[in-house]
Amino acid sequence: EEKTLRRVMLTTPPSNDQALAQDGPQRAVQGFVVAHRKFPTPSQLQNYAKGNGSPLKYSEVAPALRDYRAACLNVAKGTEVTVADAFEVDVTGKMKAWSIENDKWTLDIWVEEKRFSYKSMAGKEVALSVSDS
765 EEKTLRRVML TTPPSNDQAL AQDGPQRAVQ GFVVAHRKFP TPSQLQNYAK GNGSPLKYSE
825 VAPALRDYRA ACLNVAKGTE VTVADAFEVD VTGKMKAWSI ENDKWTLDIW VEEKRFSYKS
885 MAGKEVALSV SDS
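As structure tokens, this is what we get:
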């Protein structure tokens with residue numbers, strides 16, 4: 765069954781001790797995510813990094829966000845996530861697969877024995893957050 769994807773919450777949050785961040789810009793993303801429990805916008809990331817004494821060049825921001833998000837989604841494969849559709853209806857299930865191409869997200873979520881394919885709408889950013897656990 766296909767549904768529109770609006771937001772995703774990882775129920776197994778990344779922590780500072782996980783080796784997901786590969787470089788300084790990705791470590792800034794990781795620091796923001798751990799502190800705020802959500803993924804930053806590009807301007808939020810730049811302000812956060814500058815406030816922590818490690819300003820980022822504009823050209824570093826998008827790759828750092830993309831690569832760290834991919835690392836977190838890869839770690840989340842096979843774990844429970846909570847997704848919301850366009851009507852803000854939450855569903856919790858196991859994420860079996862994900863892809864992002866040209867800013868269009870696709871997530872395969874399994875609830876018991878039923879598969880749901882969540883796809884983002886063109887031009888709509890998917891909100892990605894992490895639970896407090």
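Reading the sequence shown from the start, the letters are residues 765 to 897 in this note's numbering. In this text, a Cβ means the ideal position worked out from N, Cα and C, and glycines have one as well. Please read all numbers here as calculations on a predicted model, not as lab measurements.
CA-to-CA distance, residue j to residue i, given in whole angstroms
| i | j | result |
| --- | --- | --- |
| L774 | H800 | 13 Å |
| V847 | V798 | 20 Å |
| E844 | Q786 | 25 Å |
| V853 | T768 | 10 Å |
| E876 | S823 | 42 Å |
| V855 | N866 | 25 Å |
Residue range of the alpha helix (DSSP H) that includes residue i
| i | result |
| --- | --- |
| R830 | 822-840 |
| S807 | 806-815 |
Buried or exposed (CB count within 10 angstroms, at least 16 for buried), residue i
| i | result |
| --- | --- |
| S884 | buried |
| W874 | exposed |
| G842 | exposed |
| P806 | exposed |
Assumed close pair residue i, residue j - CB separation to whole angstroms, cut-off 8 Å
| i | j | result |
| --- | --- | --- |
| N813 | A792 | Looking at the sequence itself, residue 813 is Ala, so the reference to Asn does not match. Rounded, the Cβ-Cβ distance is 4 Å, consistent with contact. |
| N816 | G795 | 7 Å |
| V890 | W869 | 5 Å |
Three-way DSSP call (helix, strand, coil) for residue i in this model
| i | result |
| --- | --- |
| A785 | coil |
| A850 | coil |
Start-to-end residues for the beta strand (DSSP E) that takes in residue i
| i | result |
| --- | --- |
| F803 | That residue, F803, is in no beta strand (DSSP E); it is neither H nor E in DSSP. |
| M773 | 771-774 |
| S881 | 878-884 |
| K888 | From DSSP, K888 is part of no beta strand (DSSP E); its letter is neither H nor E. |
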